[in-house]
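Below: one structure, written as structure tokens.
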Amino acid sequence: MQKSYWIKRVLYAVFIFLIVMTLNFFIPRIGVDDPAARYYPPQGNMSEIEYEIIKQATREQYGFDVSTFQQYLNYVSKLTQFDLGTSFRSGSPKVSDLIKERLPWTLVLSVTNLIICLTIGITLGSLAAWKRGRWQDTVLLNASTISTALPAFFIALILSFYLGFELELFPAYTNPNMVSQFDWSFEAIKVVLANAALPIISMAIGGIISYAQGTRNSVIAVTNEDFILTARSKGLSQRSVLYKHTLRNAMLPIVTSIGMSISGLIGGAVIIEQIFNWNGMGTLFLEANSTNDYPLMMGIMLFMSSFAIVANLVTELCYSLLDPRVTVGDKR
Amino acid sequence: MIKKCILVVILFLTIILSYGCQASEYPRRSDSSNTLYVGAVAASFPVSFMPWLSREGIAPTIASMLYSTLFSYNEETGMFESSLAKEWYYVDEDGEPITLPNGAVDYVRLETIYSDSSKTYLPVKIILNEGVTWSDGTPFTVEDVFYTLDIGTNNALSNHAGALAWTSDLQHTYRNGSLTKQGIFTYENGATQQGYPIAEDEKDTVMYLHVNKVLGAITTLFTTILMLPKHIWEPIVTVENQLNSRDPSAETLFQYQNPVGTGPYLLVRDQSNAQVITLQRREDYHLRGEGDQMLFQVETIKFMLYQELNVAIYALLKGHIDILDAAVSSNYLSLFESKEDIFLSKAEGTFAQTLVLNVNPVVTERNPIRDVLQNVDFRKALALAVNQEELIERVLNQSGQKMSSGLMREGLIDFYNPLADTLPTDVDDRLVQANQLLDTLYPNKDEQGYRLLDSQRISFQILGSPGEQEVISYLQIQFQKIGIEVKFATKGSSPEKTYLYPSKFDMTIQGVTFSLSNVDIMYMAHFVTLGTSSNYGRLSNTNLSQKINTMRTTLNLNHKYELIMEIQPMIAQLYYKIPLYSSNVISAARTDRYTNYQVVAGSTVFNTDTLQSIQRVS
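Taken in sequence, the protein lines are chains A and B. If you're matching positions, the first sequence starts at 14 in my numbering and goes up one per residue. If you're matching positions, the second sequence starts at 8 in my numbering and goes up one per residue.
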């Protein structure tokens, strides 16, 4: 039963990928009559014929000289060879090379942030649920309200200005030589830690509170279940009831949140990266967008989407492991 | 287990905080050398420098410092100034310069000789500066110019559509990789056979070009095309490995990353990456300042990348950089004005914001209300209701200038025609006149005071971006005073395709920049061409079109300037693009390390004049 559920989920993910791949190809082309005319508006005293020659050269250069359907087939054919295309930028680097270069730096921020948010968030959430109605719970609820009103980029700007620029406690933005001089030495790792501190804190503040709030609600819902009452009436310790019975059963919604966070690992820090000059995937995407670098934009979008699809697939498969009723429900 | 996990994370957090809790060292603060720290706001810096760089971000600035064009163009005087070349002339059929005794071009003779000539081109003689070298020490010669222009026209080798566009006025053509017409002549490339004898001692510095028979033909060739080193590129560029290769060979990539140019600076490769670019002054740069001093005063320039403007502004205020090479909004003025050690540049803008009226929609997009815009008196009434001074005060915090109705900025004193500005200056007079005009055309009003056309309110939409909402709100108030209703409508993400070219709009906001170097192209695009150009309101005026065409094709520069003067009042009296304002270019620099910054129209404080005059504070 579980096997057929898994196959169905995988096929569904493949189907979603095909749709994403197709949309990823066509969306950038909506509203663009002739990309060549956008690149080179008429110059000097050139005639219509001369201008047409120039536009044709541009189309050939970037592969726009064939029908849109043929362009789509070329795109799919390249994808089957894991070729995301070539960027328009000077030197014509491969899109996959640019992604490979930037991905680790984004993961440094987002994975660290996720680990911090999960551990501290779940701990604080459990505590607040366990101490429901007391000051711990009240603090969390108020913090949650404030955090909802303060987006991460705003927190980042405030931290950058006060802790970075004014008090100079942390680097206000990333050292420009951090990436180029990174060599896995202790000194280089220290530089990365120093520069990552403010971006991670900016992202983590909202994340911790969000996880804590989710955990609190989930734990409270489980605490009201009969089996918790039974566990307590059996004389189990508070800690045992919390860790072995309550938290375990409250995990399903938390796993959903984790899945969603993992899907957003790559693209979730665009603004934070921009504020702190962090050379990651987010800034790569902004760069592609600002320079109309279609192959790069399409490559990043496809990579991010694929990552999200895989993350969602893994989350769904985890559901079935955590709660067998999920597969039964699916069959029904 | 969970407890252990939490402990590990807390330990990890402590490490991050303890190592993070140390401010970056900002090298500018302790740098006593002649190094200028320039902040640039961009997504990233280029790390590969294909000689003809992209037009995005900081790339053109870097390109202009590493490479050079033949001449530079002075917008204020309309003259070419020496760069790689020192002189140029149109020549007659015997190869003799067509010049006046003072050395200037004799445009009357030029027109006499070539207007009716069977020749389809204008021959141009160019003389290069002596002693120019590439940054690797190789002498720069006319063969480098030949190579550059030749490969620019040969797309099979260059694979660069921009170069095709830049050289489109050069009568030197390739078809499928084979030369079909030669229009560049040097000692080694057919000058003598063409009837342009070049002496042995001039063979490295003298060359001839055949260009289209219009005065504007030389502008792009002289001032846009960055010259390439033949000795670097000729051995490696082939049809298989093009100059602008989509799949560059290792050697090509090496050359992209280690540029060899003739510009005043060279790239310091090991101190440059995607977030910082370091340029070092060339001590052997051929152009010198007064008393044979170095022309450029700064020895080293470090461009620092900031991806967010607010962060860059704080970096300037806190002394991490000397100059911010970015124009900031007038909303930031108060942030700089109260600060010591800050030089605030409010340069005159060269860009005018206009209200464009859809005066001639395609037939399918016509309706009775839009037809109202065809009436020139109605358009004049709208123009009268716009008070530029008030607009500048309210929307730009007084950081802008009025723009002439002829759309040529008043700062260009030799080319601005005051006869274009005939509307009264008194605000009340203007509104009275506007209402008088409209009372004649549409006397009936509804209960709210808006004018009626066949019992329907005359109401228009103005397409704008969110940033233009404030301007449109002002127009709403002003037009209400003359009984005309306007409403804001968002432009959307692809306005050209969805609204502007298909004529599906009433009015819109559009920027215009007219200068001597671009009038040939821009007057056509804004007032003549009906296809996909900037003539969104599809103005079609025979007299204006003829005048613009004559201006473009005359061989007499004085006549061309006269026509530019005549065109301005014609544009003004059509009331098709109503000028709103020209905003200042606001930028800032610190004065604790450098002084003597220069304010240049249309530029930030980081400009060529600044680099030539700046002084290090001891």
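From the three backbone atoms N, C-alpha and C, an ideal C-beta is built for every residue, glycine too. Every value quoted in this text rests on a predicted model; they were computed, and no experiment measured them.
Could you tell me which residues DSSP puts in a beta bridge with residue i?
i               : result
I571 of chain B : Note: I571 of chain B sits in no beta bridge, so no partner.
P586 of chain B : B:T361
F310 of chain B : B:V45 and B:I284
S352 of chain B : B:S594
H5 of chain B   : Any question about residue 5 of chain B goes unanswered here, given that chain B covers just 8 to 625.
N196 of chain B : B:T193
Q517 of chain B : B:T361
F495 of chain B : B:I469
R145 of chain A : R145 of chain A pairs with nothing; no bridge assigned.
P146 of chain B : B:T140
Could you confirm whether any beta carbon from chain E is found closer than 7 Å to the beta carbon of residue i?
i               : result
Y530 of chain B : Note that chain E does not occur in the displayed structure, where the protein chains are A and B.
Among the candidates the options, whose CA atom is the shortest distance from the CA of residue i?
i               : options                           : result
L403 of chain B : B:L587, B:T148, B:E118 and B:Y582 : B:L587
M311 of chain A : A:V108, A:V23 and A:T119          : A:V108
G296 of chain B : B:S90, B:K554, B:T106 and B:A172  : B:S90
E114 of chain A : A:Y85, A:G295, A:D336 and A:R245  : A:G295
M311 of chain B : B:L323, B:I205 and B:E118         : B:L323
T429 of chain B : B:T505, B:G413 and B:K452         : B:G413
V624 of chain B : B:L564, B:V439, B:D616 and B:Y604 : B:Y604
D291 of chain B : B:I284, B:G268, B:T285 and B:Q282 : B:G268
G104 of chain A : B:S252, B:K188, B:A198 and B:T140 : B:S252
T598 of chain B : B:G490, B:K325 and B:Q381         : B:K325
M514 of chain B : B:I585, B:V246 and B:M57          : B:I585
L482 of chain B : B:N556, B:I516, B:E503 and B:K498 : B:I516
L335 of chain A : A:A162, A:N190, A:P106 and A:L260 : A:L260
Y181 of chain B : B:I158, B:Y194 and B:N196         : B:I158
T99 of chain A  : B:L18, B:H167 and B:D254          : B:D254
M410 of chain B : B:A257, B:N591 and B:G85          : B:N591
A334 of chain B : B:S175, B:L351, B:A206 and B:G270 : B:L351
Q277 of chain B : B:S40, B:M531 and B:V54           : Checking the sequence, you will find Asp at residue 277 of chain B rather than Gln. Nearest C-alpha to D277 of chain B: B:V54.
N188 of chain A : A:E286, A:W19, A:G138 and A:S270  : A:E286
I62 of chain A  : B:F153, B:A172 and B:T84          : B:A172
F95 of chain A  : A:T81, A:S80, A:I112 and A:F82    : A:I112
Taking residue i as part of the alpha helix (DSSP H), name the residues at either end of that continuous run.
i               : result
L117 of chain B : Y114 to Y121
N81 of chain B  : Per DSSP, N81 of chain B belongs to no alpha helix (DSSP H); it is in the beta strand (DSSP E), F78 to N81.
P375 of chain B : P375 to V379
Y332 of chain A : Y307 to L335
H533 of chain B : V526 to F534
P481 of chain B : Reading the sequence as shown, one finds Tyr at residue 481 of chain B and not Pro. First-last of the alpha helix (DSSP H) with Y481 of chain B: Q476 to Q487.
S17 of chain A  : Q15 to F39
Y263 of chain B : A257 to Q264
Y88 of chain A  : T81 to T93
E297 of chain B : Unbroken run through E297 of chain B: none, as it is neither H nor E.
K668 of chain B : Given a span of 8 to 625 for chain B in the structure shown, any question on residue 668 of chain B remains unanswerable.
L618 of chain B : T615 to S620
Y256 of chain A : From DSSP, Y256 of chain A is part of no alpha helix (DSSP H); its letter is neither H nor E.
L438 of chain B : V434 to L448
In terms of residues, what are the limits of the beta strand (DSSP E) holding residue i?
i               : result
W95 of chain B  : A92 to Y97
S345 of chain B : Unbroken run through S345 of chain B: none, as it is neither H nor E.
E88 of chain B  : M86 to S89
G471 of chain B : S466 to G471
D332 of chain B : I330 to V335
R182 of chain B : T180 to R182
Y321 of chain B : First-last for Y321 of chain B: L316 to L324, but that is the alpha helix (DSSP H), not the beta strand (DSSP E).
Does the region 126-141 of chain B come close enough to the region 94-104 of chain B that 3 or more CB-CB pairs lie under 8 Å? A contact exists between the region 94-104 of chain B and the region 126-141 of chain B.
Could you tell me whether the region 249-268 of chain A touches the region 87-99 of chain A, where touching means 3 or more Cβ pairs closer than 8 Å? No, the region 249-268 of chain A does not touch the region 87-99 of chain A.
Which runs of the alpha helix (DSSP H) spanning at least 4 residues fall entirely within the region 154-213 of chain A, listed in chain order? Taking only runs of at least 4 residues, the alpha helix (DSSP H) segments lying wholly in the region 154-213 of chain A are 165-172.
Would you be able to state if there are at least three C-beta pairs under 8 Å between the region 213-220 of chain A and the region 158-166 of chain A? Touching, per the Cβ criterion.
Three or more C-beta pairs below 8 Å linking the region 601-616 of chain B and the region 446-459 of chain B: Cβ pair count under 8 Å is below three, so no.
Are there three or more Cβ pairs, one per stretch, closer than 8 Å when the region 323-336 of chain A is compared with the region 151-160 of chain A? With the cut-off at 8 Å, the region 323-336 of chain A and the region 151-160 of chain A do not touch.
Would you be able to state if there are at least three C-beta pairs under 8 Å between the region 145-152 of chain B and the region 160-176 of chain B? No: fewer than three Cβ pairs fall under 8 Å.
Could you say if the region 433-444 of chain B and the region 384-394 of chain B meet the contact criterion of at least three C-beta pairs nearer than 8 Å? Pairwise C-beta distances place the region 433-444 of chain B in contact with the region 384-394 of chain B, as three or more of them are shorter than 8 Å.
Three or more C-beta pairs below 8 Å linking the region 46-53 of chain B and the region 275-287 of chain B: Flag = yes, the region 46-53 of chain B and the region 275-287 of chain B touch.
If you pair each beta-carbon of the region 182-200 of chain A with each one of the region 306-325 of chain A, do three or more pairs fall below 8 Å? With the rule of 3 Cβ pairs closer than 8 Å, the region 182-200 of chain A does not count as touching the region 306-325 of chain A.
Validate contact between the region 277-286 of chain A and the region 296-307 of chain B using beta carbons, cut 8 Å, 3 pairs: Too few Cβ pairs lie closer than 8 Å, so no.
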